[in-house]
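Asker: In UniProt numbering, the protein residues as written are 1 to 54.
1. What separation, rounded to the nearest whole angstrom, lies between the Cα atoms of residue 10 and residue 24?
2. What residues in its chain sit with their C-beta under 7 Å from that of residue 33, if we drop five residues either side in the sequence?
3. Mind checking if residue 12 is an interface residue toward chain D, Cβ cutoff 8 Å exclusive?
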């Protein structure tokens, strides 16, 4: 239980810093997920546009 408390305290301390490693990690993950969503969504939108008969 003490190890868990230490871990939680370390995470709180890191998140409250200006250059947080955890926040940077989440930013990179979300940015890559957004790019994957765009890469998958744009061809589908182009298909819908072309399939509508212009």
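Backbone N, C-alpha and C define an ideal beta-carbon position, used for all residues, glycine too.
Quantities reported herein were computed from a predicted structural model and do not represent experimental measurements.
Answerer: According to the data block:
1. Straight-line Cα distance between these residues: approximately 16 Å.
2. The answer is none, since no qualifying residue turns up.
3. The chain labelled as chain D is not found in the depicted structure, where only one protein chain is given.
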